[in-house]
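The structure under discussion appears below in the form of C-alpha cells.
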Amino acid sequence: VDTPGLLDRPMEKRNDIELQAISALEHLGSLVLFLIDESKNCETPIQEQLNLLEEVKLLLPDTKLMVVSSKADLMDPAPNDWDFVKQVEKEWVEDGSEGEPELPLLIDSNGRVTMSALEQVGLESMKLEIVRVVKDSNENNPMELPEGWYRSDIE
Numbered sequence: 194v195d196t197p198g199l200l201d202r203p204m205e206k207r208n209d210i211e212l213q214a215i216s217a218l219e220h221l222g223s224l225v226l227f228l229i230d231e232s233k234n235c236e237t238p239i240q241e242q243l244n245l246l247e248e249v250k251l252l253l254p255d256t257k258l259m260v261v262s263s264k265a266d267l268m269d270p271a272p273n274d275w276d277f278v279k280q281v282e283k284e285w286v287e288d289g290s291e292g293e294p295e296l297p298l299l300i301d302s303n304g305r306v307t308m309s310a311l312e313q314v315g316l317e318s319m320k321l322e323i324v325r326v327v328k329d330s331n332e333n334n335p336m337e338l339p340e341g342w343y344r345s346d347i348e
C-alpha cells in the first residue's frame, strides 16, 4: 500500500490521514519501504526523515523494513556500482525479465538500497528484492491444507 507521507511530529498532532496510514502499515503487509530523500530540493530535512524512520521502527517492531534512498541520479558522488547495476538490469530486461534472479542492489554511500526512477537504475533489482522478501515472509501457502486435514481428491 502506498500511504500518504507522514510528518515528523507527535502522534497526538497527526491528522486523520496520517493515522489511517499508520494503521494500514500496522495491519497490512510483511514489508515496509521507507523512502529517504537526501536531495537538495527535498522540503523535509534529512534529520526529520531519520526521526520519522526511528518512530516507524518503534511502531512496527515485527515488520520487515527496507530503507531506500531515492534520487540516486542526484547523489554526489554517484553510488560506486551505478554502471554495473545499470548494465546488469539492462541485460536482464533485454533478455525478457524471466525468473527471479538475484540482481545486485544499488547501494548508496550510507549503505542503503537506492534507485533512480528518472534514470531507471536500481529499480529492477529492488523490485526483485521486494518480491523475495515478501515471499520469504509468507508463512502460509494458500494451496496447502493444514496438516491432518483430509482431501478427497488426493489418494
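The sequence shown begins at 194 in our numbering and counts up by one.
We put the beta carbon where it would ideally sit given N, CA and C, even for glycine.
Here the structure is a predicted model, which is why all the values come from computation and not from measurement.
If you run the structure through DSSP and keep just helix, strand and coil, what is residue i?
i    : result
M268 : coil
K233 : coil
L321 : helix
L251 : helix
M204 : helix
L179 : As displayed, the chain neither begins before 194 nor continues past 348, which places residue 179 out of reach and without an answer.
S216 : helix
S330 : helix
How close, in whole Å, do the beta carbons of residue i and residue j come, if the pair is a contact with beta carbons under 8 Å?
i    : j    : result
P270 : L299 : Actually they are not in contact, since the Cβ atoms of P270 and L299 sit about 13 Å apart, beyond 8 Å.
L253 : L218 : 6 Å
M268 : L226 : Actually they do not touch by this definition, with Cβ atoms about 18 Å apart.
L228 : V261 : 5 Å
E293 : R325 : 7 Å
K257 : S330 : 6 Å
Mind checking residue i: buried by the 16 CB within 10 Å criterion, or exposed?
i    : result
G304 : exposed
E231 : buried
E236 : exposed
V286 : exposed
M204 : exposed
E282 : buried
K328 : exposed
K264 : buried
S290 : exposed
D288 : exposed
D209 : exposed
D301 : buried
Query raised in the report: Counting Cβ pairs closer than 8 Å, one from the stretch 206-220 and one from the stretch 233-244, do we hit at least three?
Result: No: the two stretches stay apart, fewer than three of their Cβ pairs being nearer than 8 Å.
Query raised in the report: Does the pairing of the stretch 242-258 with the stretch 306-322 give three or more beta-carbon distances under 8 Å?
Result: These segments do not touch.
Requested in this report: Decide yes or no for the touch test of the stretch 275-289 against the stretch 314-333: beta carbon pairs closer than 8 Å, at least 3 of them.
Outcome: Touching, yes.
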